[in-house]
Amino acid sequence: MRIIIQKFGGTSVATKSSRSLIVNKILKAKEKGFLPVVVVSAMGRKGESYATDTLIELVKRENPEVKERELDQIMCCGEMISAVVMAAVLQANGLDAVMLTGGQAGIITDSNFNSARIHDINTESILDLLTKDKVPVVCGFQGVNSNGDFTTFGRGGSDTTASALGVALGAEMIEIYTDVDGIMTADPRLVSDAKILDKINYSEICQIAHQGAKVIHPRAVEIAMQKNIPMMIKSTFSEAEGTLIGNFTDEASNSNKVFDKVATSVTYLTDICQIKMFNLDDHASVNVFKLLAAEGISVDLINVSPGQLMFTIAQSFMHCVQRKFESLGYKVEFVLDCAKVSVVGGGMREVPGVMANFIEALSDNKIEILQTVDSHTSISCLVEKKHLKKSLEALHEKFHLAT
Ligand code: ASP
Ligand code: MG
8 MRIIIQKFGG TSVATKSSRS LIVNKILKAK EKGFLPVVVV SAMGRKGESY ATDTLIELVK
68 RENPEVKERE LDQIMCCGEM ISAVVMAAVL QANGLDAVML TGGQAGIITD SNFNSARIHD
128 INTESILDLL TKDKVPVVCG FQGVNSNGDF TTFGRGGSDT TASALGVALG AEMIEIYTDV
188 DGIMTADPRL VSDAKILDKI NYSEICQIAH QGAKVIHPRA VEIAMQKNIP MMIKSTFSEA
248 EGTLIGNFTD EASNSNKVFD KVATSVTYLT DICQIKMFNL DDHASVNVFK LLAAEGISVD
308 LINVSPGQLM FTIAQSFMHC VQRKFESLGY KVEFVLDCAK VSVVGGGMRE VPGVMANFIE
368 ALSDNKIEIL QTVDSHTSIS CLVEKKHLKK SLEALHEKFH LAT
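Residue numbering for the sequence shown is 8 to 410, as defined by our numbering.
Below you can see the structure in the form of structure tokens.
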């Protein structure tokens with residue numbers, strides 16, 4: 008069986024005309040001899056009638072503290088509406104489509120409502136449909152726990168459904184359809200000469216997604232990577248080739264082709280607040296991180312040195328943190344409105360001079376670096392948000408990403 012997963016995001020399923028484009032993508036896959044398994048997100052974006060945010064708002068208007076179990080039961084409805092509509096459209100076009108909830112598709116999760124983890128996938132019902140030449144249309148973002156309650160995977164979780172089904176069914180390819188032509192070297196709204204990448208490694212796209220790019224959920228990539236299933240990021244709205252995600256380092260080591268690029272893309276995160284703390288004893292340092300963990304606040308860009316701490320949090324938590332720390336008498340300094348800018352590239356591993364180029368690009372443009380952090384495949388720095396566009400442009404140029 009040549010199975011292909013075709014996942015369509017919120018904007019792709021949003022309108023009658025976009026849904027007819029989806030029909031063409033599915034028919035094309037069938038023409039090529041694939042058996043498609045369709046996965047859908049909820050229809051539209053924030054503000055639209057059946058979007059996930061709209062459903063959350065509906066309940067939270069009644070009770071902002073509504074329990075996570077109840078929230079999950081309504082959050083699942085967006086994908087159910089979308090999958091029924093899409094199945095109806097496919098049926099109208101002569102395809103024998105069958106709508107499946109996550110549970111009906113065999114996706115079993117733990118009971119961690121709002122951020123459930125998949126325990127098992129029973130592929131029997133999907134395989135049965137495929138052998139009868141039917142087209143399963145599966146609700147993304149959801150599963151079912153052992154009590155039969157609906158659970159969701161966390162925002163953006165429909166990509167995870169696609170990858171998990173891809174792995175469980177041994178799919179040949181996982182296609183993620185969205186409203187952009189592929190993964191780009193930078194956000195084109197900020198960097199005018201950003202270009203589409205024709206391929207990218209799993210590890211690079213994971214980094215890019217973690218560092219702010221919204222095009223695919225990193226968890227989905229991590230799942231597909233376990234079985235080396237290639238993923239394709241494509242647009243529903245064009246015929247562009249898209250970006251292929253795979254493991255090209257293996258390919259490189261088996262051929263004489265030289266992969267000589269240090270960097271693949273520049274990316275960013277905003278709404279970040281930097282926190283600096285001074286004159287702390289060891290006990291206080293431990294306490295700071297314990298307090299943040301207890302509040303469910305994640306920290307990034309962590310720098311610990313004798314008597315001092317420096318780290319970042321999402322700016323929305325700033326007041327809560329300020330109240331807590333000041334009541335304990337800690338000396339705290341906040342730097343608001345920061346952005347984290349990252350250069351990502353599998354090719355920078357053990358290459359000397361990457362940091363020098365990074366710093367030079369910013370200092371040539373008189374952009375002050377507030378903090379840096381690096382890994383084998385990325386360098387990130389914190390800058391004031393007013394310097395975001397200039398920083399991205401400077402790094403994009405310095406690392407020759409447009410060429
Ligand atoms: N509809 C869900 C969300 O908005 C899942 C997804 O679209 O991937 O987070
Ligand atoms: Mg998404």
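We put the CB at the ideal spot given by N, CA and C, even for glycine.
For residue i versus residue j, is the C-beta distance shorter than 8 Å?
i, j, result
"A90", "V142", "no"
"E75", "N31", "no"
"L369", "T192", "no"
"S118", "T158", "yes"
"I128", "G113", "yes"
"D205", "E246", "no"
"S165", "A231", "no"
"I279", "I252", "no"
"L297", "C345", "Note that residue 297 corresponds to Lys in the displayed sequence, not to Leu. Taking 8 Å as the Cβ cut-off, K297 and C345 do not qualify as a contacting pair."
"I190", "T277", "no"
"L308", "L287", "no"
"E229", "G147", "no"
"S225", "M180", "It should be noted that the sequence gives Pro, not Ser, for residue 225. It is not a contact, given that the beta carbons lie outside the stated cut-off."
"M239", "I183", "yes"
"V361", "V269", "yes"
"F324", "I304", "yes"
"Q233", "V174", "yes"
"V390", "L377", "yes"
Please work out which residues of its chain come closer than 6 Å, Cβ to Cβ, to residue i, disregarding the five sequence neighbours upstream and downstream, and give them in chain order.
i, result
"N208", "F255 and G353"
"E340", "K283"
"F41", "R9 and I11"
"L137", "L42"
"L402", "V273, V350 and A368"
"T379", "C388"
"V96", "R26"
What do you reckon, is the C-beta of residue i under 7 Å from a heavy atom of the ligand MG?
i, result
"H217", "no"
"G109", "no"
"D60", "no"
"D289", "no"
"S122", "no"
"D166", "yes"
"S48", "yes"
"H224", "yes"
Excluding the five sequence neighbours on either side, which residues of its own chain have a C-beta within less than 7 Å of the C-beta of residue i, listed in chain order?
i, result
"H394", "I374"
"V187", "V222 and S242"
"R356", "H383 and T384"
"S292", "V311 and L316"
"M106", "A90, V91, A94 and V144"
What's the call for residue i, buried or exposed, on a 16-neighbour Cβ count within 10 Å?
i, result
"T271", "buried"
"P313", "exposed"
"V45", "buried"
"V265", "Model confidence at V265 stands at a pLDDT of 49, short of 50, so the residue's coordinates are unreliable; what they give is reported in the following sentence. That one is exposed."
"I133", "buried"
"N411", "The structure shown does not extend to residue 411, since the chain is modelled only from 8 to 410, so the question has no answer here."
"E400", "buried"
"V20", "buried"
"C388", "buried"
"T22", "exposed"
"F285", "exposed"
"A99", "exposed"
"G177", "exposed"
"A363", "exposed"
"Q218", "buried"
"K35", "exposed"
"A220", "buried"
"S153", "exposed"
"L62", "buried"
"C327", "exposed"
Does the distance between the C-beta of residue i and the nearest non-hydrogen atom of the ligand ASP fall short of 7 Å?
i, result
"G17", "yes"
"K148", "Note on identity: in this sequence residue 148 is Phe, with Lys being the wrong assignment. Correct: F148 has its Cβ closer than 7 Å to the ligand ASP."
"G163", "yes"
"E86", "yes"
Return the chain-ordered list of same chain residues with a C-beta closer than 8 Å to the C-beta of residue i, the five sequence neighbours on each side being excluded.
i, result
"T18", "S25, G51, R52, T185, D186 and T243"
"K139", "D103"
"F318", "Q281, I282, V306, D307, L308, I309 and N310"
"I125", "I114, I115, T116, G150, F160, T167 and A171"
"G155", "G110"
"A216", "V222, I223, H224, P225 and V228"
For chain B, check one thing: does any of its Cβ atoms lie closer than 8 Å to the Cβ of residue i?
i, result
"A301", "Among the protein chains of the structure shown there is no chain B, as only one such chain exists."
Those runs of the alpha helix (DSSP H) which lie wholly inside the region 190-268 and span at least 4 residues = 209-217, 225-233 and 255-260
task = Go through the region 48-85 residue by residue and report every complete run of the beta strand (DSSP E) that reaches 3 residues or more, in order.
result = none
request  = With a floor of 3 residues, list each beta strand (DSSP E) that falls wholly inside the region 280-352, ordered by position along the chain.
outcome  = 307-312, 315-321 and 338-351
task = Return the chain-ordered ranges of every alpha helix (DSSP H) run that is complete within the region 142-187 and spans a minimum of 4 residues.
result = Segments of the alpha helix (DSSP H) lying fully in the region 142-187: 165-176.
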